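J.:
Chains as they are written, first to last, in UniProt numbering: chain C, 1 to 263; chain D, 1 to 263.
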């Protein structure tokens with residue numbers, strides 16, 4: 001009736017729900033009600049076999065189901081654990097407001113301070129290259145025009161949470177601190193404004209999907225963790241698109257917050 | 001060298017990448033380059049076994065990997081197919097603008113027309129109940145205060161894409177067309193405005209995660225399809241929160257678009 005004190009339900013032999021799904025339901029319920037909190041070890045396969053009187057393959061199917069849902073992680077040789085969630089950063093709709101830049105903070109650092117997390121940037125790569133058709137379209141350039149490309153990865157408390165690639169037209173960025181690993185106080189948006197392009201607004205497009213294997217590796221994503229893809233375009237007061245930022249974010253680590261007008 | 005003309009890569013016996021992952025890489029590449037377009041049937045397990053000279057379990061692991069990533073679906077007895085994507089609705093940041101309500105359209109219908117899709121609403125349920133703590137907090141009510149709750153499911157071209165549950169304080173909604181299955185031209189926002197609550201702005205909070213089994217069933221989601229959870233709060237010109245809408249959307253079917261101010 002009880003493995004390690006966390007399982008309460010019993011199998012219903014008359015249910016048309018497959019046995020492995022019934023077992024997954026019990027474990028999911030224990031996780032959602034907090035009887036199995038974050039980081040807790042689930043009962044072992046042997047304990048579950050003993051408790052439910054089913055074959056080991058049935059237990060494995062149940063555990064696989066929970067892993068695909070992103071609720072548990074399997075640690076080789078150690079067992080199966082309730083997945084720990086990173087601290088969630090709530091991205092506010094004023095996160096690129098000028099007052100933050102004036103305080104000398106780049107957006108990521110300002111937001112991280114908000115959740116009391118230690119933030120880091122690594123894997124910084126800067127290059128100049130011919131633009132792809134998609135980026136050219138967003139920046140109203142011709143495909144093949146030169147852009148400065150800044151790639152980097154952001155981490156929070158030692159966990160990678162986001163990769164970002166910015167594309168800035170070369171006529172704006174070339175030979176400026178935008179091409180330096182550390183572009184200085186207020187980040188690249190402050191430098192774009194220094195170049196005479198006062199920012200007016202940003203457009204953000206948000207989609208979500210499962211990560212590619214490369215994304216899962218770079219962001220160290222456990223199974224069952226989708227990513228946000230967020231493509232942001234910055235416009236100056238003349239209406240010119242002056243930057244595109246293509247971001248892949250662990251969906252675990254973010255809540256995005258926006259304001260919409262009613263009029 | 002080639003199963004059904006779609007596979008080009010060969011296994012690298014010296015790679016430290018597991019054989020099943022190498023096979024998944026080949027198939028993923030064929031999908032991404034369009035050699036296997038949407039709806040195409042993958043080579044059969046037998047063909048893949050023959051092509052790669054590996055055990056059937058290895059092929060199954062490779063196919064399982066692609067299914068978890070949401071790239072393919074397995075149809076029992078028929079084979080494995082490249083997943084068809086629903087038409088993507090691009091939700092614009094002016095989607096709740098008054099001019100759309102004035103034209104008598106509710107938001108979902110207006111957006112669907114935009115992608116030339118046929119939209120439907122079903123599973124409509126309307127009830128009055130005591131509010132939960134979370135909804136009370138968002139509506140600045142006391143937990144236990146009465147709210148009118150409207151649940152419904154939206155479909156596009158016959159495929160469910162979204163469920164939505166609206167909570168409206170009972171003092172606004174009770175005894176009005178908001179409690180009718182069809183609330184009339186412009187939807188419930190138009191009716192809330194009829195009650196003297198002119199809408200000023202909306203706050204939207206966007207998160208993404210894997211669906212619960214219930215959500216996967218109601219939205220008929222194939223494996224590897226995350227959902228957006230979008231919680232929107234409507235505020236009137238007095239600053240009162242007059243509705244909360246809690247939406248679960250197939251992430252496949254949407255790109256969300258927003259504007260952010262720079263000042």
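Cβ atoms here follow ideal geometry from the backbone N, Cα and C, with glycine treated the same way. Bear in mind that the values here come from a model prediction, so they are computed numbers and not experimental data.
Output needed for residue 227 of chain C: all residues of its chain with C-beta closer than 8 Å, excluding positions within five of it in sequence on either side, in chain order.
T.: Answer for residue 227 of chain C: 208, 209, 210, 211, 215, 219, 221, 248, 249, 250, 251, listed in chain order.
J.: Just checking residue 146 of chain C against the ligand GTP - is the residue's beta carbon closer than 7 Å to any of the ligand's heavy atoms?
T.: In the structure on display, the ligand GTP does not appear, and there are no ligands present to speak of.
J.: When the Cβ atoms of the region 234-243 of chain C are set against those of the region 196-208 of chain C, are three or more pairs found closer than 8 Å?
T.: Contact holds: three or more Cβ-Cβ distances are below 8 Å.
J.: What in chain D is Cβ-close to residue 200 of chain C, meaning under 9 Å?
T.: Simply 261, 262, 263.
J.: Report the CB separation of residue 160 of chain D from residue 150 of chain D in whole angstroms; it is logged as a contact under 8 Å.
T.: About 17 Å; that fails the 8 Å criterion.
J.: Any C-beta of chain C within less than 7 Å: which residues of the UniProt domain "HTH gntR-type" (17-85) of chain D qualify?
T.: Within the UniProt domain "HTH gntR-type" (17-85) of chain D, the qualifying residues are 68, 69, 70.
J.: By alpha-carbon positions, which one of C:243, C:69, C:29, C:10 ends up nearest to residue 50 of chain C?
T.: That would be C:10, whose Cα lies nearest to the Cα of residue 50 of chain C.
J.: When you compare the CB of residue 94 of chain C with every CB in chain D, is at least one pair closer than 8 Å?
T.: Answer yes: the Cβ-Cβ gap between residue 94 of chain C and chain D drops below 8 Å somewhere.
J.: Report the residue from C:174, C:246, C:168 whose alpha carbon sits nearest the alpha carbon of residue 162 of chain C.
T.: When only C-alpha atoms are compared, the closest one is C:246.
J.: So residue 118 of chain C and residue 157 of chain C are supposed to be a Cβ contact under 8 Å. How far apart are they, rounded?
T.: The Cβ separation is near 5 Å, so the contact holds.
J.: Among C:6, C:168, C:80, whose alpha-carbon lies nearest the alpha-carbon of residue 137 of chain C?
T.: The option with the nearest alpha carbon to residue 137 of chain C is C:168.
J.: Could you compute how far the alpha carbon of residue 92 of chain D sits from the alpha carbon of residue 262 of chain C?
T.: Cα to Cα, the separation comes out at about 12 Å.
J.: How about residue 37 of chain C and residue 72 of chain C: are their beta carbons less than 8 Å apart?
T.: Against a cut-off of 8 Å, the Cβ pair of residue 72 of chain C and residue 37 of chain C comes out as no contact.
J.: Can you check whether the C-beta of residue 7 of chain D is within less than 8 Å of a C-beta belonging to chain C?
T.: For residue 7 of chain D, the answer is no, since every Cβ of chain C falls outside 8 Å of its Cβ.
J.: Residue 195 of chain D versus chain C: which residues are under 8 Å apart at the beta carbon?
T.: Per Cβ cutoff of 8 Å: no residues; residue 195 of chain D is ~15 Å from chain C at best.
J.: Excluding the 5 residues preceding and the 5 following residue 120 of chain D in the sequence, name in chain order all residues of the same chain whose CB lies nearer than 6 Å to its CB.
T.: Within the same chain, residue 120 of chain D has close Cβ partners 155.
J.: Taking Cβ-Cβ distances shorter than 7 Å, what residues in chain D pair up with residue 224 of chain C?
T.: Residues of chain D passing the Cβ test: 210.
J.: Check the C-beta distance from residue 128 of chain C over to residue 191 of chain C and give it rounded, since I have them as a contact under 8 Å.
T.: Their Cβ separation, rounded to whole angstroms, is 16 Å, which puts residue 128 of chain C and residue 191 of chain C out of contact at 8 Å.
J.: Name the chain C residues that come within less than 7 Å of residue 228 of chain D, Cβ to Cβ?
T.: Going along chain C in sequence order, the residues near residue 228 of chain D (Cβ under 7 Å) are 208.
J.: For residue 176 of chain D, which residues in the same chain have their Cβ closer than 7 Å to its Cβ, ignoring the five residues on either side in sequence?
T.: Around residue 176 of chain D: 191, 195.
J.: Under a CB-based cut-off of 8 Å, is residue 97 of chain C close to chain D?
T.: Answer yes: the Cβ-Cβ gap between residue 97 of chain C and chain D drops below 8 Å somewhere.
J.: For chain D, find out if any of its Cβ atoms is closer than 8 Å to the Cβ of residue 154 of chain C; answer yes or no.
T.: Not closer than 8 Å to any Cβ of chain D, the Cβ of residue 154 of chain C fails to qualify, so no.
J.: So, for residue 193 of chain C: in the same chain, excluding its five sequence neighbours on each side, which residues have a beta-carbon less than 7 Å away from its beta-carbon?
T.: Same-chain partners within the cutoff: 199.
J.: Measuring straight from C-alpha to C-alpha, what distance separates residue 63 of chain C and residue 24 of chain C?
T.: Roughly 7 Å between the two C-alpha positions.
J.: Short of 6 Å in beta carbon distance, which residues of its chain neighbour residue 133 of chain D, apart from the five on each side in sequence? Order them along the chain.
T.: Answer for residue 133 of chain D: 143, listed in chain order.
J.: From residue 122 of chain D to residue 181 of chain D, what does the alpha carbon distance come to, in whole angstroms?
T.: Rounded to whole angstroms, residue 122 of chain D to residue 181 of chain D spans 10 Å at the Cα level.
J.: In three-state DSSP terms, what is residue 243 of chain D?
T.: In the structure shown, residue 243 of chain D sits in a strand (DSSP, three-state: E or B).
J.: Which residues mark the beginning and the end of the alpha helix (DSSP H) in which residue 14 of chain C is found?
T.: Where residue 14 of chain C is concerned, there is no enclosing alpha helix (DSSP H), given that its DSSP letter is neither H nor E.
J.: Would you say residue 129 of chain D lies against chain C (beta-carbon separation less than 8 Å)?
T.: By this cut-off, residue 129 of chain D is not an interface position.
J.: Does any C-beta atom of chain D lie closer than 8 Å to the C-beta of residue 255 of chain C?
T.: Yes, its Cβ sits closer than 8 Å to a Cβ of chain D.
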